[in-house]
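Note sheet for the following structure.
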Amino acid sequence: MTTREDHAAPVTGSVFRPGWLTEPVLDDLRARVCSGAGEPTPDVVALAPYDLLPTAPVPSSSVLDVTEAVSRGRVAQRSWAALPLARRCQVVLAFHDLLVERQDQVLDLIQWETGKSRFHAWQEIAQVATIARHYARRARRHLADNRVRGMVPLLTKVTEVRVPKGVVGIISPWNYPLYLGVGDVLPALLAGNAVVSKADPQTSLTMLWTHALLAEAGLPADVWQIVVGEGVPVGTALVDEADFVCFTGSTATGRIVAEQAGRRLVGASLELGGKNPLIVRADADVDKAVAGAVAAAYANTGQMCISIERIYVHESVYESFRDGFVAATAEQRIGQALDFSVELGPLISQRQLDAVTAHVEDAVAHGATVLTGGRARPDLGPLCFEPTVLEGVTPEMRVYAEETFGPVVELYPFRTDEEAIALANEGCYGLSASIWSRDTHEAARMAPQIRAGSVNINDGAAAAAGSIEAGMGGMGESGLGRRHGAEGIRKFTESQTVAIQRLIPLGAAPGKTESFVESTNKQLTLMRKIGVR
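Okay, so the sequence shown: first residue is 76 according to the working numbering, each after it adds one.
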């Protein structure tokens, strides 16, 4: 176990509490929670995955707190949307600079609340900074007015404009508290909306720290507000109030959110579960495929929606890949460190540890073979679990089709590309996929045949997810809508058509209906002949 002297604050609770997180600083973060409007609610107390001791109590929100936050947001949104887009972009770029400058603080918080390795925590910094810069530089293009042809050429001027939704409700999970916590907030704000976020109780301090940073960057009060609490009742109340909903989480909960939003006829963007496949073709560079598969399978200890959980390997290179992948998996450094000395941290909670253990035990009980790993490591930390490779997994095993959301990977051989595609498309999910091949043209031909929102060629998952100009999201039961790219900001707007009619009114003049119909028919015939679209 690695500690730094400045992390050993003399306080009760977890000894991993960052030393800079003094009581005055913590009080400022707590004060940022929308709380206290309804009946008194107990504070939220999370356990640090490193030692299962309390982090720091945070006020919880009531249903009335959510209602009042949305009401304040509606007022603040009008002034915020009235600001020039350039001014809103300045705020986001200032936030970008502050985030990069003070990243050590939020790295400490992310690790303390999630247990992930420092490198995987840093990946959140890099992703959020990239999102901030991209949308601050490209928002004008993404939100630009679109001039289109009117009904009567030259006489009808028509423009499609983008107007904000109003108050956006964002519900984010614990596994990426910075990236998923603020990655949708930034484009929503730039589009002129106010935002109310529900922080996951496990990782609320990270979001509150980010809120303080955006306020310092110049974001006005009440434009972004945070409520804290469980999905029921706090998340439910937010979906009942918001003008648009962003949800990231399980498919089961996503169905509930979509149904609830649908009853209100408000839009929803959902990024849900995944059981993501990786295909190693016969011509693949096996060593590179091994390295890429390890990174894609075990990032954030497998607690990532786009983690690779199924690997299909051509039979001609199966043994070579298997041996290399097992060896590389066994070499992963597991543990608990507040520096960059470990590669895999613990799982987030006892519940998650139990779920991962149950998948492995069920697979073994039904005849699967553990090639490496397969057990908890309490000697390294209370929630540590070895990265695990399974062989001989069959459909009756839970791990075959269920998302594990942990460091567990299954290996399967295949004979033809067609078989690999069919195997990759098994199941209900369709979030991310990967193909490894020296023939990138053939891999690119295969990609559209795989049901997945993103297909990475000669990369596990990061190439698509990190390309912020391209959309990211799922097919099938992996979700609706996209984050990143143009859709990642336009989804927070309504398209409004503004039509200006000049000189003459449309329609028939009194007593001239028949002649109007005759002349219009001639125009339709002429436009068809000359190829007007």
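Every residue, glycine too, gets a C-beta built ideally from N, C-alpha and C. Computed from a prediction, not measured in an experiment: that's the story for all the values here.
How would you call residue i, buried or exposed, if buried means at least 16 neighbouring beta carbons within 10 angstroms?
{"i": "F591", "result": "exposed"}
{"i": "C321", "result": "buried"}
{"i": "D297", "result": "buried"}
{"i": "V431", "result": "buried"}
{"i": "F415", "result": "exposed"}
{"i": "D220", "result": "exposed"}
{"i": "Q571", "result": "exposed"}
{"i": "R212", "result": "exposed"}
{"i": "T444", "result": "exposed"}
{"i": "H516", "result": "exposed"}
{"i": "N596", "result": "exposed"}
{"i": "V145", "result": "buried"}
{"i": "I386", "result": "buried"}
{"i": "T469", "result": "exposed"}
{"i": "K587", "result": "exposed"}
{"i": "K363", "result": "exposed"}
{"i": "V607", "result": "exposed"}
{"i": "S594", "result": "exposed"}
{"i": "G442", "result": "exposed"}
{"i": "A371", "result": "buried"}
{"i": "R426", "result": "exposed"}
{"i": "I301", "result": "buried"}
{"i": "Q411", "result": "buried"}
Mind checking which residues open and close the alpha helix (DSSP H) that includes residue i?
{"i": "C164", "result": "L160 to E176"}
{"i": "W249", "result": "Neither: W249 is in no alpha helix (DSSP H) and is coded neither H nor E."}
{"i": "E316", "result": "T311 to E316"}
{"i": "G148", "result": "V138 to A157"}
{"i": "S590", "result": "T588 to K604"}
{"i": "K363", "result": "V361 to Y373"}
{"i": "P342", "result": "The sequence given here places Gly at residue 342; Pro does not occur at that position. Not the alpha helix (DSSP H): G342 falls in the beta strand (DSSP E), residues G342 to E346."}
With a CB to CB cut of under 7 Å and the five nearest residues on each side skipped, what residues in its chain are close to residue i?
{"i": "A374", "result": "H195 and S382"}
{"i": "G563", "result": "P262, G546 and R557"}
{"i": "V238", "result": "T568, E569 and Q571"}
Would you tell me roughly how many angstroms separate the C-alpha atoms of residue i and residue j, rounded to the nearest one?
{"i": "G190", "j": "I354", "result": "30 Å"}
{"i": "V341", "j": "F319", "result": "6 Å"}
{"i": "N533", "j": "M379", "result": "19 Å"}
{"i": "F489", "j": "S325", "result": "30 Å"}
{"i": "L265", "j": "A495", "result": "42 Å"}
{"i": "T600", "j": "M226", "result": "15 Å"}
{"i": "V119", "j": "Q186", "result": "18 Å"}
{"i": "G256", "j": "Y487", "result": "35 Å"}
{"i": "E316", "j": "G244", "result": "8 Å"}
{"i": "D81", "j": "L174", "result": "Annotation note: pLDDT 35 at D81 (below 50); position unreliable, no value reported."}
{"i": "R577", "j": "A156", "result": "30 Å"}
{"i": "E334", "j": "V307", "result": "15 Å"}
{"i": "R450", "j": "S89", "result": "25 Å"}
{"i": "G94", "j": "R177", "result": "15 Å"}
{"i": "S192", "j": "V233", "result": "53 Å"}
Check residue i in the structure and name its three-state DSSP category.
{"i": "Q300", "result": "strand"}
{"i": "L419", "result": "strand"}
{"i": "W187", "result": "helix"}
{"i": "L555", "result": "strand"}
{"i": "D236", "result": "As written in the sequence, residue 236 is Val, which differs from the Asp given in the question. Strand."}
{"i": "M379", "result": "coil"}
{"i": "F194", "result": "helix"}
{"i": "P99", "result": "helix"}
{"i": "Y487", "result": "strand"}
{"i": "E569", "result": "strand"}
Cutting at 6 Å between CB atoms, please list the residues of its own chain near residue i, excluding the five before and the five after it.
{"i": "A359", "result": "W511 and S512"}
{"i": "A263", "result": "V243, V270 and F567"}
{"i": "A312", "result": "V138 and V141"}
{"i": "P132", "result": "D118 and V120"}
{"i": "D275", "result": "P248 and W249"}
Could you please give the first and the last residue of the uninterrupted beta strand (DSSP E) stretch that includes residue i?
{"i": "V271", "result": "A269 to A274"}
{"i": "V355", "result": "N351 to V355"}
{"i": "V223", "result": "N221 to R224"}
{"i": "H389", "result": "I383 to H389"}
State yes or no: is the C-beta of residue i nearer than 8 Å to some heavy atom of the ligand SAH?
{"i": "R490", "result": "For the ligand SAH, the structure offers nothing, since it holds no ligand at all."}
Once the 5 residues before and after residue i are set aside, which same chain residues still bring their CB inside 8 Å of it?
{"i": "G293", "result": "Q165, V166 and A169"}
{"i": "V361", "result": "V355, V392, S395, F396 and G399"}
{"i": "L422", "result": "P124, G190, T376, Q378, L428, V431, L458, C459, F460 and G481"}
{"i": "I605", "result": "none"}
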